[in-house]
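First the structure, in the form of structure tokens, and then the observations on it.
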Amino acid sequence: MNEKPSRREAIRYHREATEALERGEPEDALALLSFAFERDPDFRPAYETAVAALEELEHVEEADLFRHALDAFDDPRALYRLGYHFFDEGHTRLAVPFLSRSDRLRPLSPDTLIALAVSLAAEGRFRECLKTLERHPELETQFWPYHEYAYANFLLGRIDRARTAVRRIRAREDSFRATVTEDETADFEASIERLEGGLARYGRVPERDDASIRDWHFIQYGAALLERFDDRFGPGAGTLAGGRFLSFHSSPGLVRGVLDGLVGLLGQLGIAPATVLFAPDDDSEILALALGVLLDLPVDSIDDALDRQDSLVVAASSEALNDFPEIADREAGETLFAYQLLWTRDCLVVPDVSGLLAQLHVFPWQETHPDLEEPAFDIPADPRPFEEIAHWILEAAPFPPPASREEDFAFYVRHRADLAAGDWIRRPHRERYLTNSPIPGWRYA
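Following the working numbering, the numbering of the sequence shown begins with 22 at its first residue and continues without gaps.
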């Protein structure tokens, strides 16, 4: 019997995963198995190898989920529990094959359909998301599936459909509100406002480039982005990840350029912080020290500050902000900056200004390793005091040159009224960052 190409690919990835496990590399085995599951979630041996790899890593919960899915191989509930686990952990790419198989075995399960639809949207698969939601038996009456339906239409550029859906939600707000739990009440309102805000900004940016990550980052969140991966970094650079970075080692000049860009943007927008606060990690402190010099402001840890009013809060990465749930509520005059926004995982908040969107990022003072497939960067961590490293960054020639930011500055000044930065009155709560961007981009597993 002829095998389907998807089964042949699953067999190949499974064979490579088995070899990795035999070499004592269970993490590599799991990475390869993820591709096998994507190709063919019906391929039973992959589940067996996943159990073995997870047991070797002592990941008991996930091993049990795979074992249960294996023991009850055609039980849609076991597959749903497995898929929902990865959905809940933010690993939506891996959630999709298990939820899809569960849906195939038990069509029209509301819980499976909504988890699958949200996972597909998180992976930028909006048309598949819509097709999934259109089969939801309670699409017209339940808030979350109908909201996802509206948002998927928005991200596909079907603006009239999205606006019609939002008007319907507002017209039947009490009815839709009754379908969410008490714990979801705040998310209910925030989700509607996020969609309304995105639709409003979409309509107010007639000059938008629908292939620009800058424009869509602004449309979705009202947030600013200082640096993009484009032709300045090599011909066709932006086509790989839609202007985002994958594995990137910032040079001293690029760090200086991003910090100069932040200072310039704050000046253009008339935002004048009184202090610089940093998230309590070494990289954030180094960046804050450099910004303190550029802005001639005092620098302190966010942990030691009495409040965050009139401050520039600095984080090296958006991941650091997940440890500060209070950052979701703006304080008067506060601006939040993250050098790296991790674009492949949902985040507690969207920084008001981000330096760049990157999946893997290394600062020039950090210890790096050859497992990033960059042996030339296998160097130890910089032993110098933080103040010395900050001055080293400030001495570098900025890249790209300041003149290259003029068009971006003009864009943000034109749309100042819709920017989150400095707007603590109309937007007292920061939005969550979600991966469901309409800008496609390849990424590491």
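C-beta: ideal position from N, C-alpha, C; glycine also.
Small disclaimer: the values here were computed from a predicted structure and weren't measured.
Asked	Found
Inter-residue spacing [alpha-carbon to alpha-carbon] between Tyr223 and Ile240	6 Å
Within 8 Å, strictly: CB atoms of Leu357 and Val334	yes
Cut-off 6 Å between Cβ atoms - residues of its own chain near Pro462, not counting five sequence neighbours on either side	Note that residue 462 is Gly in the sequence shown here, rather than Pro. Excluding positions up to five away in sequence, the list reads Ala262, Gly263 and Arg265.
Sequence-distant residues of its chain with Cβ nearer than 6 Å to Val434 (five each side left out)	Gln289
DSSP-derived helix/strand/coil call for Leu369	coil
Exposed unless 16 or more other CB atoms sit within 10 angstroms - verdict on Val117	buried
Ala199 in three-state terms, based on DSSP	coil
Contact between the region 318–325 and the region 283–300 (3+ Cβ pairs under 8 Å)	yes
Val374 - partner residues in DSSP beta bridges	Ala245 and Phe358
Cβ pair Leu286, Phe432 closer than 8 Å	no
Residues sharing a beta bridge with Leu333, DSSP	Val297 and Thr356
Runs of alpha helix (DSSP H) wholly within the region 58–120 (minimum 4 residues, chain order)	65–77, 81–92 and 97–109
Three CB pairs or more closer than 8 Å across the region 339–358 and the region 439–456	yes
Beta-carbon proximity list for Arg127, same chain, < 6 Å, skipping 5 on both sides	Pro97
Cut-off 7 Å between Cβ atoms - residues of its own chain near Thr153, not counting five sequence neighbours on either side	Leu134, Leu137, Ala138 and Leu141
Coil, strand or helix - Val187 by DSSP	helix
DSSP state of Ser338 mapped onto helix, strand, coil	strand
Segments assigned alpha helix (DSSP H), at least 4 residues, entirely inside the region 206–287	206–224, 234–242 and 259–262
For Ala31 and Glu161, the rounded distance between their alpha carbons	38 Å
Run of the beta strand (DSSP E) containing Ser425, from where it starts to where it stops	It is not in any beta strand (DSSP E) - Ser425 carries neither H nor E in the DSSP assignment.
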